[in-house]
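Participant: Line order of the protein sequences matches chains A and B.
The first sequence runs 1100 to 1217 under the numbering used here.
The second sequence runs 190 to 305 under the numbering used here.
Yeah, the Cβ is synthetic: ideal placement off N, Cα and C, and Gly gets one too.
Below you'll find the structure I mean.
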Amino acid sequence: NAGVTQTPKFRILKIGQSMTLQCTQDMNHNYMYWYRQDPGMGLKLIYYSVGAGITDKGEVPNGYNVSRSTTEDFPLRLELAAPSQTSVYFCASSYSPSGGPMNQETQYFGPGTRLLVL
Amino acid sequence: AQKVTQAQTEISVVEKEDVTLDCVYETRDTTYYLFWYKQPPSGELVFLIRRNSFDEQNEISGRYSWNFQKSTSSFNFTITASQVVDSAVYFCALSEWGGNTGKLIFGQGTTLQVKP
């Protein structure tokens, strides 16, 4: 049981390039999330998904896109990379059965992807 | 709006000292969850505890303890007899219940340095 895995661990991009950050979980979690962590700051939500085929914007979605074609995978796409997207990106997942907020489970995080845009 | 504030940016203690990390939150929801995560120098996020808004009992787990007080909207974290391995950034987080998405709102984090 690997939990949440992310690739790559580190990447350098030139301004204007594109890339996809991969995230996979093997816990059969229905909810998945992408956060970014800027230096000295807490994490901010980029996008999230409550199940396959369903995605929605978080707090800082501009410059990113996501898709959720399977329960396991939740890739994050950067189009036209900018220096402001230099950050550490964390993917997370959790399981929330139907029944509302009282049943929310804990979010578990991947190891992170460090991205530098020059 | 929902918000989490960790007013202590950095704390430095000597090994074996007790240390308390403060967390104050704002929310209009009556149902919510609070979390603490640890981020060691290696960078991963490690889950420490989850507490729901209906459970104000304090919790102790080994050297760790948590004090949840709804009256002051605080969820403080105490490490007793700190060790060098406790050196890390600690994040307090609040789950958002609008739309039942479970999104987490993080505080800015408190960097704890435990010196030998």
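1. For B/Ser231 and B/Tyr279, I'd like the C-alpha separation in whole angstroms.
2. Can we say the stretch 1188-1197 of chain A touches the stretch 1122-1135 of chain A, given the rule of at least three CB pairs closer than 8 Å?
3. Assuming contact is defined by CB atoms lying nearer than 8 Å, are A/Pro1210 and A/Gln1105 in contact in what I supplied?
4. For chain B, find out if any of its Cβ atoms is closer than 8 Å to the Cβ of A/Thr1205; answer yes or no.
5. Just to confirm, are B/Ser262 and B/Val213 a CB contact at a threshold of 8 Å?
6. If contacts are defined as beta-carbon pairs under 8 Å, then A/Tyr1132 and A/Gln1184 qualify, I think. What distance do you get, rounded to the angstrom?
7. Around the C-beta of B/Ser250, are 16 or more other C-beta atoms found within 10 angstroms, so that it is buried, or is it exposed?
8. Here's the rule I'm using: 16 or more other beta-carbon atoms within 10 Å means buried, otherwise exposed. How should B/Phe295 be labelled?
9. Can at least three beta-carbon pairs, one atom from the stretch 200-217 of chain B and one from the stretch 1166-1177 of chain A, be found at a separation below 8 Å?
10. How would you call A/Leu1175, buried or exposed, if buried means at least 16 neighbouring beta carbons within 10 angstroms?
11. Please list, in chain order, the chain B residues whose beta carbon lies closer than 8 Å to that of A/Pro1210.
12. Tell me B/Lys192's beta-bridge partners as DSSP assigns them.
Facilitator: On the basis of the data shown:
1. Straight-line Cα distance between these residues: approximately 13 Å.
2. Contact between the stretch 1188-1197 of chain A and the stretch 1122-1135 of chain A is present, because at least three Cβ pairs lie under 8 Å.
3. In contact: A/Pro1210 and A/Gln1105 (Cβ atoms closer than 8 Å).
4. Residue contact check for A/Thr1205 against chain B: a CB pair falls below 8 Å.
5. Yes, the pair counts as a contact, with Cβ atoms nearer than the cut-off.
6. With a contact defined as Cβ atoms closer than 8 Å, A/Tyr1132 and A/Gln1184 miss out at about 17 Å.
7. Exposed, because fewer than 16 other Cβ atoms sit within 10 Å of the Cβ of B/Ser250.
8. Looking at its Cβ environment, which holds 16 or more other Cβ atoms inside 10 Å, B/Phe295 is buried.
9. Three or more Cβ pairs closer than 8 Å define a contact, and the stretch 200-217 of chain B falls short of that threshold against the stretch 1166-1177 of chain A.
10. By the 10 Å Cβ count, A/Leu1175 comes out buried.
11. Result: Gly232, Glu233.
12. For B/Lys192, the beta-bridge partners assigned by DSSP are B/Glu215.
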